[in-house]
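Numbering (the numbering used here), first residue to last: 54 to 246. Quick reminder that beta carbons are idealized off the backbone N, C-alpha and C, glycines included.
And the structure:
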(Lines of atoms letter the chains of each structure in order from A; the text may use other names.)
(Lines give C-alpha, C1' and ligand atoms only; values in the text may rest on other atoms or scores of the structure.)
Protein backbone atom coordinates (compact mmCIF):
# COMPACT_ATOMS: atom_id res chain seq x y z
CA UNK A 54 0.00 0.00 0.00
CA UNK A 55 1.25 3.48 -0.81
CA UNK A 56 1.54 6.25 1.79
CA UNK A 57 2.43 4.08 4.77
CA UNK A 58 1.60 5.84 8.00
CA UNK A 59 3.51 4.72 11.09
CA UNK A 60 1.81 3.42 14.25
CA UNK A 61 2.88 6.60 16.06
CA UNK A 62 1.38 8.76 13.28
CA UNK A 63 -1.77 6.63 13.47
CA UNK A 64 -2.03 7.27 17.22
CA UNK A 65 -1.58 10.98 16.55
CA UNK A 66 -4.39 10.91 13.95
CA UNK A 67 -6.70 9.09 16.38
CA UNK A 68 -5.96 11.74 18.99
CA UNK A 69 -6.63 14.43 16.37
CA UNK A 70 -10.01 12.85 15.53
CA UNK A 71 -11.04 12.70 19.21
CA UNK A 72 -9.84 16.25 19.88
CA UNK A 73 -11.66 17.58 16.81
CA UNK A 74 -14.94 16.13 18.10
CA UNK A 75 -14.19 17.30 21.64
CA UNK A 76 -13.49 20.87 20.46
CA UNK A 77 -16.74 20.90 18.47
CA UNK A 78 -18.52 19.94 21.71
CA UNK A 79 -16.96 23.02 23.34
CA UNK A 80 -14.02 21.52 25.20
CA UNK A 81 -10.66 23.33 25.17
CA UNK A 82 -8.07 22.04 22.69
CA UNK A 83 -4.83 20.37 23.78
CA UNK A 84 -2.08 22.52 22.24
CA UNK A 85 0.67 19.96 22.95
CA UNK A 86 -0.26 18.19 19.72
CA UNK A 87 0.61 21.17 17.52
CA UNK A 88 3.71 22.02 19.52
CA UNK A 89 5.05 18.51 18.98
CA UNK A 90 4.55 19.01 15.25
CA UNK A 91 3.32 15.47 14.69
CA UNK A 92 0.31 16.40 12.56
CA UNK A 93 2.45 18.59 10.29
CA UNK A 94 4.63 15.60 9.43
CA UNK A 95 5.06 15.52 5.61
CA UNK A 96 3.66 11.95 5.46
CA UNK A 97 0.39 13.22 6.93
CA UNK A 98 0.15 15.99 4.34
CA UNK A 99 -0.27 13.39 1.58
CA UNK A 100 -3.50 13.50 -0.42
CA UNK A 101 -5.55 10.39 0.43
CA UNK A 102 -9.16 9.45 0.95
CA UNK A 103 -10.01 8.95 4.63
CA UNK A 104 -12.85 7.56 6.73
CA UNK A 105 -13.61 7.98 10.42
CA UNK A 106 -15.82 5.38 12.13
CA UNK A 107 -17.36 5.83 15.57
CA UNK A 108 -18.73 2.91 17.60
CA UNK A 109 -20.31 2.62 21.03
CA UNK A 110 -20.38 -0.85 22.57
CA UNK A 111 -19.34 -2.36 19.25
CA UNK A 112 -22.32 -0.78 17.46
CA UNK A 113 -21.90 1.77 14.66
CA UNK A 114 -22.51 5.34 15.88
CA UNK A 115 -21.29 7.24 12.83
CA UNK A 116 -19.12 6.74 9.77
CA UNK A 117 -18.24 9.40 7.24
CA UNK A 118 -15.42 9.63 4.74
CA UNK A 119 -14.29 10.42 1.26
CA UNK A 120 -13.10 7.88 -1.29
CA UNK A 121 -10.98 10.38 -3.18
CA UNK A 122 -8.59 12.89 -1.62
CA UNK A 123 -10.12 16.15 -0.42
CA UNK A 124 -7.11 17.81 1.16
CA UNK A 125 -4.40 16.20 3.26
CA UNK A 126 -4.78 13.15 5.51
CA UNK A 127 -4.84 15.50 8.52
CA UNK A 128 -7.59 17.68 7.00
CA UNK A 129 -9.62 14.62 6.00
CA UNK A 130 -9.43 13.08 9.48
CA UNK A 131 -10.48 16.35 11.16
CA UNK A 132 -13.39 16.94 8.78
CA UNK A 133 -14.59 13.33 8.75
CA UNK A 134 -14.39 12.99 12.55
CA UNK A 135 -16.67 16.02 12.94
CA UNK A 136 -18.99 14.80 10.17
CA UNK A 137 -19.19 11.26 11.62
CA UNK A 138 -20.06 12.70 15.05
CA UNK A 139 -22.51 15.40 14.00
CA UNK A 140 -23.60 14.93 10.37
CA UNK A 141 -24.19 11.20 9.73
CA UNK A 142 -27.89 11.27 8.77
CA UNK A 143 -28.42 7.79 10.26
CA UNK A 144 -27.79 9.05 13.80
CA UNK A 145 -28.53 12.05 16.06
CA UNK A 146 -25.61 14.35 16.85
CA UNK A 147 -23.11 12.87 19.28
CA UNK A 148 -23.38 14.23 22.84
CA UNK A 149 -20.57 15.03 25.27
CA UNK A 150 -21.76 12.13 27.45
CA UNK A 151 -21.45 9.70 24.54
CA UNK A 152 -17.95 10.87 23.59
CA UNK A 153 -16.45 9.12 26.63
CA UNK A 154 -17.93 5.81 25.37
CA UNK A 155 -16.97 6.25 21.71
CA UNK A 156 -14.35 3.99 20.14
CA UNK A 157 -12.76 5.65 17.08
CA UNK A 158 -11.15 4.02 14.11
CA UNK A 159 -9.69 5.74 11.08
CA UNK A 160 -8.95 4.46 7.61
CA UNK A 161 -6.50 5.89 5.11
CA UNK A 162 -7.37 4.74 1.60
CA UNK A 163 -5.42 3.92 -1.52
CA UNK A 164 -6.84 5.34 -4.73
CA UNK A 165 -9.77 3.22 -5.98
CA UNK A 166 -8.96 1.07 -9.01
CA UNK A 167 -11.53 -0.30 -11.51
CA UNK A 168 -12.07 -4.04 -11.25
CA UNK A 169 -12.70 -5.60 -14.65
CA UNK A 170 -14.74 -8.79 -14.45
CA UNK A 171 -16.67 -11.00 -16.89
CA UNK A 172 -19.58 -12.16 -14.74
CA UNK A 173 -20.64 -12.64 -11.12
CA UNK A 174 -18.43 -15.73 -10.67
CA UNK A 175 -15.40 -13.81 -11.92
CA UNK A 176 -16.27 -10.92 -9.59
CA UNK A 177 -16.38 -13.29 -6.60
CA UNK A 178 -13.07 -14.86 -7.65
CA UNK A 179 -11.30 -11.50 -7.92
CA UNK A 180 -12.45 -9.88 -4.66
CA UNK A 181 -10.15 -10.39 -1.66
CA UNK A 182 -12.19 -10.67 1.57
CA UNK A 183 -10.66 -8.70 4.41
CA UNK A 184 -8.33 -6.85 2.02
CA UNK A 185 -10.43 -5.00 -0.53
CA UNK A 186 -12.78 -2.14 0.12
CA UNK A 187 -15.43 -2.21 -2.60
CA UNK A 188 -17.26 0.59 -4.42
CA UNK A 189 -20.28 -0.52 -6.41
CA UNK A 190 -22.09 1.79 -8.86
CA UNK A 191 -25.04 1.29 -11.17
CA UNK A 192 -26.49 4.35 -12.85
CA UNK A 193 -27.14 6.98 -10.20
CA UNK A 194 -26.86 4.43 -7.37
CA UNK A 195 -23.67 3.68 -5.52
CA UNK A 196 -22.21 2.64 -2.19
CA UNK A 197 -19.00 1.45 -0.57
CA UNK A 198 -17.97 -0.92 2.18
CA UNK A 199 -14.58 -0.52 3.86
CA UNK A 200 -12.50 -3.71 4.11
CA UNK A 201 -13.42 -3.91 7.82
CA UNK A 202 -17.01 -4.80 6.82
CA UNK A 203 -15.76 -8.25 5.75
CA UNK A 204 -15.55 -9.02 9.50
CA UNK A 205 -19.38 -8.87 9.69
CA UNK A 206 -20.00 -10.25 6.19
CA UNK A 207 -17.23 -12.77 5.42
CA UNK A 208 -19.11 -14.51 2.57
CA UNK A 209 -18.51 -12.63 -0.69
CA UNK A 210 -22.09 -13.18 -1.89
CA UNK A 211 -23.51 -11.71 1.36
CA UNK A 212 -21.03 -8.82 1.26
CA UNK A 213 -22.08 -7.90 -2.30
CA UNK A 214 -25.81 -8.34 -1.59
CA UNK A 215 -25.64 -6.03 1.44
CA UNK A 216 -23.57 -3.52 -0.55
CA UNK A 217 -26.21 -3.52 -3.31
CA UNK A 218 -28.96 -2.90 -0.74
CA UNK A 219 -26.91 -0.09 0.81
CA UNK A 220 -26.74 1.48 -2.67
CA UNK A 221 -30.54 1.30 -3.01
CA UNK A 222 -30.45 -1.59 -5.48
CA UNK A 223 -31.87 -5.10 -5.34
CA UNK A 224 -29.73 -7.58 -3.41
CA UNK A 225 -29.02 -9.46 -6.66
CA UNK A 226 -27.97 -6.43 -8.75
CA UNK A 227 -24.34 -7.57 -8.54
CA UNK A 228 -25.38 -10.78 -10.36
CA UNK A 229 -28.08 -9.42 -12.67
CA UNK A 230 -26.87 -5.99 -13.78
CA UNK A 231 -23.04 -6.02 -14.08
CA UNK A 232 -22.44 -2.88 -11.97
CA UNK A 233 -19.22 -0.88 -12.12
CA UNK A 234 -16.89 -2.08 -9.34
CA UNK A 235 -13.79 -0.44 -7.93
CA UNK A 236 -11.53 -1.71 -5.15
CA UNK A 237 -9.20 -0.01 -2.71
CA UNK A 238 -7.21 -0.95 0.36
CA UNK A 239 -6.90 0.83 3.69
CA UNK A 240 -4.44 1.35 6.45
CA UNK A 241 -6.59 1.22 9.58
CA UNK A 242 -5.87 2.51 13.08
CA UNK A 243 -8.16 2.11 16.06
CA UNK A 244 -8.13 3.31 19.61
CA UNK A 245 -7.07 0.87 22.30
CA UNK A 246 -10.02 -0.74 24.05
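- Nearest C-alpha to residue 207 among 177, 72, 95: 177.
- Contact between residue 133 and residue 163 does not hold, since their C-beta atoms are separated by about 17 angstroms, which reaches or exceeds 8 angstroms.
- Here residue 167 carries a strand assignment [DSSP, helix/strand/coil].
- Ranking 189, 236, 127, 193 by CA distance to the CA of residue 215 puts 189 first.
- The C-alpha of residue 157 is placed about 11 angstroms away from the C-alpha of residue 111.
- The alpha-carbon of residue 67 is positioned some 32 angstroms away from that of residue 221.
- In this structure, residue 109 keeps its C-beta atom at 8 angstroms or more from the C-beta atom of residue 179.
- Under the 8 angstroms Cβ criterion, the stretch 91 to 100 counts as touching the stretch 124 to 138, having at least three qualifying pairs.
- Bridge partners of residue 196 according to DSSP: 189.
- Around the beta carbon of residue 149, a 10 Å sphere encloses fewer than 16 other beta carbons of the protein chains shown; the residue is thus reported as exposed.
- Per DSSP, residue 123 is not a residue of any alpha helix (DSSP H), being assigned neither H nor E.
- Judged by DSSP in its simplified three-state form, residue 158 adopts strand.
- For residue 101, no alpha helix (DSSP H) run applies, since DSSP gives it neither H nor E.
- The residue from 146, 227, 79, 173 with its alpha-carbon nearest to that of residue 116 is 146.
- Here DSSP, grouped into helix, strand and coil, assigns residue 112 to strand.
- Taken atom to atom, the span from the alpha-carbon of residue 192 to that of residue 70 is near 34 angstroms.
- Per DSSP, reduced to three states, the secondary structure at residue 213 is helical.
- The DSSP-derived three-state label of residue 93 is helix.
- Residue nearest to residue 135 within the set 161, 78, 223 is 78 (criterion: CA-CA distance).
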